[in-house]
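For reference, the structure discussed in these notes is given below.
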Amino acid sequence: MATSQLDPAKTISQQLSISLDKVKATITLLDDGNTLAFIARYRKEKTGELDEEQIRLITENLNKFRKLEDRRTVVLKTVKEIGKLDGELEKQILLADNLTVLEDIYQPYKPKRNTKASLAREKGLQGLADLILEQPESNIKSNQYVAPFVGGKVETPNQAWEGARHIVAEMINDHAGVRQSLRLKAEILSILRSTKIKKATDEREVYSSYYDFQIKVKNIRPHQTLAINRGEKEKILRVKIEFNERDSLDSIRSHIKVNPLSPLSQHLEIAIEDSANRLLLPFIEREIRRSIRVKAENHAIDIFAKNLRGLLSQAPLSGHVILGLDPGYRTGCKIAVIDKTGQVLNTGTIYPHKPQTEISQSKNALSKLILDHNVSLICIGNGTASRESVELITELIKEKHKNLKYLVVSEAGASVYSASKIARKEFPDMDVSIRGAVSIARRVQDPLAELVKIDPKSIGVGLYQHDVDQKRLSESLTFVVESVVNQVGVDLSTASSALLSFVSGIGEKLAERIVDFRNKNGLFPDRNSLKNVPGLGEKAFEQCAGFIRINDGINPLDASAIHPESYQISEKIMKNAGTSIVSPFEKRKQAIEIYFQKQTSERLVSELGVAKSSLEDILEQLIRPGRDPRDEGTTPILKSELLSMEDLTSGLILNGTVRNVVDFGAFVDIGVKQDGLLHRSQIPQNTVLHLGQVLQLEVGQVDIDRGRISLHWVKS
């Protein structure tokens, strides 16, 4: 049996418009067990400096290609086993370049359960069906064609004709060309219509926009698809795809020719209509619904991934002793104080809100903690009783602690973390509810280190996140977390197993072994000592070494992003520059900069035997070792006063922090209870917003009754 002539590298190169050599090199590196992060950072000379996103797309398309090849093998084997594999069919199967085309070709040969057509075949009516499709021209009357097929299980000519037409209808349905033509035409011309189910109750009128809604399928937006699908799932909306019957019949007739001169033409016309209405149109509706759902889900996952990247990439807010406050009513507000390194100093619970309303006692307890630990920042969760807690803190600042600042923080996922295995291991003796306050404080101090402990799906920055394919969502979000963790680097002396698990080449089990080894044997003196961890072999070390940092270790290069495989080149550069790794940093930096100014890059590449891209990365790290890319971002806006919606007026200019980015714009925290909406029409073209970004905005309309604030972009 022949094999597919499709070449994965060539196919992917054409799909992504990336040169063939680069794709081939990337596939080889992936097949050799290298991680995406490692390839993007340390194998630029082999991939032609492809970035992380390009390598991800190559990986994704390679997986799709191999899935197609696996399916192709199954199809060829199955068709051969039933004795239907001739040269032409084999050629079609081998040339199919996507799963849809392959499945269309395979459709006639798929094992089928009992159908009207299969029952008719059992009665011996396949021959009559073949005659209907042949459309013979003759003077023979139709009843003479049917006569040989009447008898036994077929009692009358009408039964014979009906059975034969059922076979023809199924054969038309199984015709690859018919399916492809109909699918293409439906994608362009079909209409999606949604209506409210009469007896359905939509108390908040969430789906009112779709009670009587129609749109061409090709024009529907992702958020509309997801909203309609959810409304249908909740049995509030009825949804259907409408496709003109004449268009569908025309598509079929372009492949199945009716001969008006044949005495069997009428039977073929009936079979065509039956195939369209009973088989093809329901199939096309399912295909269209699936297609727009997948497109919408991919878009939603993409938005979620971008939001998550923005959240994880927020600049750490270092240098503060922080009091985390997880607000609540009856069960009280949980409190945790952490020092500048994230260690918990004190915890407690206060009851300032109803039903206890212990305002004075709560203020005194807070004030004592602030003074005892020199707290400079209070972080308040944005959930239940958040507004009242902000009022309490602003009063306390005004009365006793003028220099104190506060910040309202998203507490999404804090409760999930509190009850997690990671939290139990980290704080075995701490009450579950208090752990949430620790998380709220730490996620400001170092967002990445804290948020990696939480399932990304629980962080709450997605649109319709529970309605999309959960496997694809998890894969996409895991990629984002791994990407950010490896771009930033991880301090091996302090990193949790949760953070280490996302480092290139490590994973959950090795991460736990590393932490256990560190706890038993003390801090790692250098990167090479990682090899002493049980189960961490040469390949894992190669993949992870450049992404871990050891500050104040034996070798200062271990604190940089320079891979150990490039240490000799780094030392040679420093030697040529008249300096060394033990020289004071400023002197070393100055010497290296002068050395590079005197040389051409071409000469250095030749002299050092290293690729230009690698040389540039090494130079960057020698001059700015361990640079944290998050430091280039903006830090949160710290506040001391309370602002209410009543204080807002149209035209007021203020700063706000992006909390969520969605299809129709961005929600921005401007310091009041309700986030304002910056509609996409207000965002300049080609401007990309990310979570945590600080913007200067103008207040538009304020609707206090409905709790809505519109914001305008301030022109610079």
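Position 511 of the sequence shown, counting from 1, maps to 549 under the numbering used here, and the rest follow consecutively. Note that beta-carbon positions come from the ideal geometry of N, C-alpha and C, so glycine has one too. A quick note: this is a predicted structure, and the numbers were derived from the prediction, not measured.
Here L561 is exposed. Its C-beta has fewer than 16 other C-beta atoms within 10 Å. Segment contact: the segment 496 to 506 against the segment 447 to 467, three or more CB-CB distances shorter than 8 Å; contact assigned.
Pairing D364 with I478 gives a Cβ-Cβ distance under 7 Å.
Residue range K443 to V447 is occupied by the beta strand (DSSP E) that includes V446. By the criterion of a C-beta distance shorter than 6 Å, F76 is surrounded in its chain by S542 and Q581, once the five residues flanking it on both sides are discounted. Here DSSP, grouped into helix, strand and coil, assigns V188 to coil.
Excluding five sequence positions before and after T97, the CB atoms of its chain that fall closer than 7 Å to its own CB belong to L68 and L74, given in chain order.
I376: not part of any alpha helix (DSSP H); member of the beta strand (DSSP E) spanning C371 to I376, first to last residue. Burial check for G165: the Cβ neighbour count within 10 Å stays below 16, so the residue is exposed. Using a 10 angstroms sphere on the CB of L222, the tally of other CB atoms stays under 16, which defines it as exposed.
Secondary structure at N196: helix, using DSSP grouped into helix, strand and coil. For the 7 Å CB-CB criterion, E90 and S521 form a contact. Rounded to whole angstroms, the gap between the alpha carbons of Q720 and D340 is 22 Å. Between the C-alpha atoms of D285 and L306 there is a straight-line separation of about 17 Å. By the Cβ rule, the segment 213 to 233 does not count as touching the segment 178 to 186, because fewer than three pairs are nearer than 8 Å.
In the three-state reduction of the DSSP assignment, T85 falls in the helix class, which pools H, G and I. Residue pairing of C417 in beta bridges, as defined by DSSP: G362 and L445. DSSP places E736 within a strand segment (E or B) once states are collapsed to three. Going by beta carbons, Y444 and I472 fall outside the 7 Å limit. By the CB criterion at 7 Å, N698 and Q734 fall outside the cutoff.
With fewer than three CB-CB distances shorter than 8 Å, the segment 270 to 283 does not count as touching the segment 351 to 360. For D108, the uninterrupted alpha helix (DSSP H) segment begins and ends at E90 to E119.
E631 and L595 have their alpha carbons spaced roughly 17 Å apart. In the pairwise beta carbon analysis, the segment 477 to 493 is classified as touching the segment 411 to 426: at least three pairs are separated by under 8 Å. The Cβ neighbour count for N557, taken over all protein chains shown within 10 Å, is under 16; the residue is labelled exposed. Per DSSP, the beta bridge partners of R276 are T233. Closest option to E429, judged by alpha-carbon separation, among S456, S453 and K401: K401. K378 and N384 have their C-alpha atoms some 13 Å from each other. Collapsing the DSSP output to three states places T66 in a helix.
Taking a cut-off of 8 Å on C-beta distances, the segment 637 to 645 does not touch the segment 618 to 629, as fewer than three cross pairs fall below it. Closest in C-alpha terms to S598, from the list A578, F623, K613 and Q659, comes Q659.
Rounded to the nearest whole angstrom, the C-alpha separation of T263 and Q130 is 35 Å. Annotation for K273: I235 and A238 place their beta carbon closer than 7 Å to its own, counting only its chain and skipping 5 residues before and after. Between V413 and I330, the beta carbon gap of about 52 Å keeps them out of contact (Cβ cut-off 8 Å). With contacts defined as CB atoms closer than 7 Å, L729 and G348 qualify as a contacting pair. With a beta-carbon spacing of about 5 Å, D564 and I592 fall inside the 8 Å limit used to define contacts.
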